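Colleague: Structure provided below as structure tokens; questions to follow.
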Amino acid sequence: MTAPTRPLLLSLALMLALAACKKEEQQAPPPPEVGVIDVQPTSVPLTRALSGRLAPVRSADVRARVPGVLLKRVYEEGTDVKEGQVLFKIDPAPLQANLSSAEGQQASAQATYTNAHIAAERARKLAPQQYVSQSDLDNAQAAERSAAAALQQAKAAVTNAQINLGYANVTAPISGRAGKQQVTEGALVGAEGVTLLTTVDQIDPLYVNFTMSSSELQSLRQAQGQGSVSLTDTKDTKVKIKLPNGQVYNQVGTLGFSDVVVDQATGTVSLRATVPNPDKALLPGSFVTVEADLGTRSGVYLVPQEAIQRDTNGAYALVVGADGKVVRKDVQMETTPVDHKWIVTGGLKTGDRVIGVGLQKAKEGGQVKAVPYAQALAASQQQAGGKPQQPAAAGADAKQGDTQQPAQDQAK
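Read in order, the letters of the sequence shown correspond to residues -19 to -1, 1 to 393 in mature numbering (1 follows the signal peptide of the UniProt record, and there is no 0).
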């Protein structure tokens, strides 16, 4: 090969290489489209779901207050009773005999007092004429006072016997629902102290006792001081009751008590709400979930659940930067969603374009084309045959602890 030919061949090879590179650039695919949400700060209700237990507002033990044989149960077990309603009958015969004896002693004391009073009156009339000595007068008046005291004591004994006779009819101390009978007919009750016969519980309304972490409560109060949280007054705090079967109870309760002391064993603060129970559908002792409306949290972002992903480092969102590249942002959020959206409390800023559709096509550091979320969602639904996408379940992300794809994309 001659020397002049070499530069010619070299130039030709260089031109061919440049043409191939240009062809590859022309054939490079366009960046994938992703649907983004332009997040803006908003205010949301501040709610907490806490475990609670129902308890009667008032609970009273029905006990035998006098000794005797139980004759009869008057009420029907498990039914509502009124205050003062007779529930049990105790044999009144011994009590009636005690009353008769007390009345006889009262009559005797009355006769003694009458005689003493007449004698004292006579002595007082004769004393000025000195027909009786001062000593006799003093003795007559002392006997009168002693007889009066004995009469008063006898009257008290009669009253006590009447009260005990009344206790033979055991009545309901409060209005409520009477429980099962604890002692059967024919048993001796009240012989060695008061005997429990049954219990009456007032179940309309009911108390709901629950607890809240003292650290969380302190954090909320600090946030209130910073202005990001507005807490409702205790008396205005509303609570909803979720039953064990997942249904929400149709009556709204009110928070009525908040303890001022932290339980040292559990690190929690005791709270108590009152909930109406007109249909007696709720039963004391049942475990329920209390959804308490504590106030309002401001300056947060609502992000669709499918836009939040999790890996071993925690929760994060993919955001489209100004240059069109995908950036990862770690986020902090509430544990309870609102309308299938996570409440993001930290990690994002106003105007961030969070990817909500097409996450499987977005790679951190990669170039993408951002389109409005609604437009991308509609296109995705059309490609899927017109079936609307189902939002990820509230707890789905938590179960996918080590995945880098949202629960919704994995389900496809």
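Backbone N, C-alpha and C define an ideal beta-carbon position, used for all residues, glycine too.
The model shown is predicted, which means the values in this text are computed figures rather than measured ones.
Jot down the residue ranges of each uninterrupted beta strand (DSSP E) in the segment 236 to 268, minimum 3 residues, whole runs only, in chain order.
Modeller: 249 to 256
Colleague: Starting from the C-beta of Leu358, find all residues in its chain whose C-beta is less than 8 Å away, skip the five residues before and the five after it, and write them out in chain order.
Modeller: For the purposes of this step, residue 358 is taken as the residue at position 377 of the sequence shown. If we look at Leu358 and ignore the five residues flanking it on each side, its Cβ neighbours are Gly16, Gly337, Val338, Gln370.
Colleague: Smallest Cα separation from Arg253: which of Val233, Asp320, Ser239?
Modeller: Locating residue 253 in the sequence shown gives position 272, counting from the first residue. When only C-alpha atoms are compared, the closest one is Ser239.
Colleague: Taking 9 Å as the CB-CB cut-off, is Ala90 touching chain C?
Modeller: In summary, chain C is missing from the structure at hand, where a single protein chain is found.
Colleague: Near Pro37, which residues of its chain fall below 6 Å by C-beta distance, leaving aside the five closest residues on each side in sequence?
Modeller: Counting from one through the sequence shown, the residue named residue 37 turns up at place 56. Excluding residues within five positions, the ones whose Cβ falls inside 6 Å are Asp182, Gln183, Ile184, Pro265.
Colleague: Have a look at Gly382 and Arg291 and give me their C-alpha separation to the nearest angstrom.
Modeller: For the purposes of this step, residue 382 is identified with residue 401 of the sequence shown, where counting begins at 1. For the purposes of this step, residue 291 is identified with residue 310 of the sequence shown, where counting begins at 1. Residue placement at Gly382 is poorly supported in this model, since its pLDDT is 37, which falls under 50; the coordinates are not used for a value here.
Colleague: Express the C-alpha separation of Arg103 and Ile155 in angstroms, rounding to a whole number.
Modeller: Counting from 1 along the sequence shown, the entry for residue 155 is found at position 174. Counting from 1 along the sequence shown, the entry for residue 103 is found at position 122. The straight-line gap from Cα to Cα measures roughly 55 Å.
Colleague: Look at Val319 and Gly346 and say whether their C-beta atoms are less than 9 Å apart.
Modeller: The count along the sequence shown starts at 1 and reaches residue 319 at position 338. The count along the sequence shown starts at 1 and reaches residue 346 at position 365. No; because the gap between Cβ atoms is not below 9 Å, this pair is not in contact.
Colleague: Between Gly276 and Lys219, what straight-line distance do the alpha-carbon atoms span, to the nearest angstrom?
Modeller: As a position in the sequence shown, residue 276 is number 295, starting the count at 1. As a position in the sequence shown, residue 219 is number 238, starting the count at 1. Between Gly276 and Lys219, the C-alpha separation is close to 10 Å.
Colleague: Taking only three categories from DSSP, how would you classify Lys53?
Modeller: Counted from its first residue, the sequence shown places residue 53 at position 72. Shown here, Lys53 sits in a strand according to DSSP, grouped into three states.
Colleague: State the start and end residues of the unbroken alpha helix (DSSP H) segment that holds Asn79.
Modeller: For this step, residue 79 is matched to residue 98 along the sequence shown. Residues 74 to 107.
Colleague: How is Ile144 classed by DSSP in three states: helix, strand or coil?
Modeller: Mapped onto the sequence shown, residue 144 falls at position 163. In this structure, Ile144 counts as helix in the three-state DSSP scheme.
Colleague: Thinking just about the alpha-carbon of each residue, which of Val256, Thr28, Lys344 is nearest to the one in Leu212?
Modeller: Mapped onto the sequence shown, residue 212 falls at position 231. Checked all of Val256, Thr28, Lys344; the closest Cα to Leu212 is Thr28.
Colleague: Using only CA atoms, which one of Gly248, Thr192, Ser116 lies nearest to Leu236?
Modeller: Looking up residue 236 in the sequence shown gives position 255. Checking every option, the nearest Cα to that of Leu236 belongs to Thr192.
Colleague: When you compare each of Lys63, Lys161, Ala30 to Leu177 by their alpha carbons, which one comes out closest?
Modeller: As a working note, residue 177 is residue 196 in the sequence shown. Here the closest residue by C-alpha is Lys161.
Colleague: Hey, out of Thr23, Pro12, Lys223, Pro13, whose CA is closest to Ser279's CA?
Modeller: Taking the sequence shown and counting its residues from 1, one reaches residue 279 at position 298. Relative to Ser279, the option among Thr23, Pro12, Lys223, Pro13 whose CA is nearest is Thr23.
Colleague: Is Pro285 buried or exposed, if buried means 16 or more other CB atoms sit within 10 Å of its CB?
Modeller: The residue given as residue 285 occupies position 304 in the sequence shown. Around the Cβ of Pro285, a 10 Å sphere holds 16 or more other Cβ atoms; the residue is buried.
Colleague: Grouping DSSP H, G and I as helix and E and B as strand, with all else coil, what is Val335?
Modeller: Taking the first residue of the sequence shown as position 1, residue 335 is located at position 354. Strand at Val335.
Colleague: Does DSSP put Glu287 in a helix, a strand or coil?
Modeller: Indexing the sequence shown from 1 puts residue 287 at position 306. DSSP places Glu287 in helix when its eight states are reduced to three.
Colleague: Would you call the segment 256 to 263 in contact with the segment 193 to 205, where contact means no fewer than 3 C-beta pairs closer than 8 Å?
Modeller: no
Colleague: How do the segment 84 to 103 and the segment 131 to 145 stand: do at least 3 beta-carbon pairs fall below 8 Å, yes or no?
Modeller: Proximity of the segment 84 to 103 to the segment 131 to 145 meets the contact definition, three or more beta-carbon pairs being nearer than 8 Å.
Colleague: Output needed for Ala375: all residues of its chain with C-beta closer than 7 Å, excluding positions within five of it in sequence on either side, in chain order.
Modeller: Position 394 of the sequence shown, counted from the start, is the residue given in the question as residue 375. At Ala375 the pLDDT is 36, less than 50, meaning the model places this residue with poor confidence; the figure from the coordinates comes in the next sentence. Around Ala375, the same chain offers Pro318 as residues with beta carbons nearer than 7 Å, after the five sequence neighbours per side are excluded.
Colleague: By a C-beta neighbour count over all protein chains shown, 10 Å radius and 16 as the cutoff for buried, is Ile99 buried or exposed?
Modeller: Taking the sequence shown and counting its residues from 1, the one referred to as residue 99 is at position 118. Per the 10 Å Cβ criterion, exposed.
Colleague: Per the DSSP calculation, Pro26 is bridged to which residue(s)?
Modeller: Residue 26 sits at position 45 when you count from the first residue of the sequence shown. DSSP lists Thr277 as partners of Pro26.
Colleague: To the nearest angstrom, how far is it from the Cα of Gly302 to the Cα of Val349?
Modeller: Numbered from 1 along the sequence shown, position 321 holds the residue referred to as residue 302. Numbered from 1 along the sequence shown, position 368 holds the residue referred to as residue 349. The alpha-carbon atoms of Gly302 and Val349 are separated by roughly 10 Å.
Colleague: Between Val189 and Gly33, is the Cβ-Cβ spacing less than 9 Å?
Modeller: On the sequence shown, residue 189 is found 208 positions in, with the first residue counted as 1. On the sequence shown, residue 33 is found 52 positions in, with the first residue counted as 1. Cβ atoms of Val189 and Gly33: closer than 9 Å.
Colleague: Hey, how far is the Cα of Lys223 from the Cα of Glu272?
Modeller: As a first step, residue 223 is located in the sequence shown; it is residue number 242 there, counting from the start. As a first step, residue 272 is located in the sequence shown; it is residue number 291 there, counting from the start. One C-alpha to the other measures close to 7 Å.
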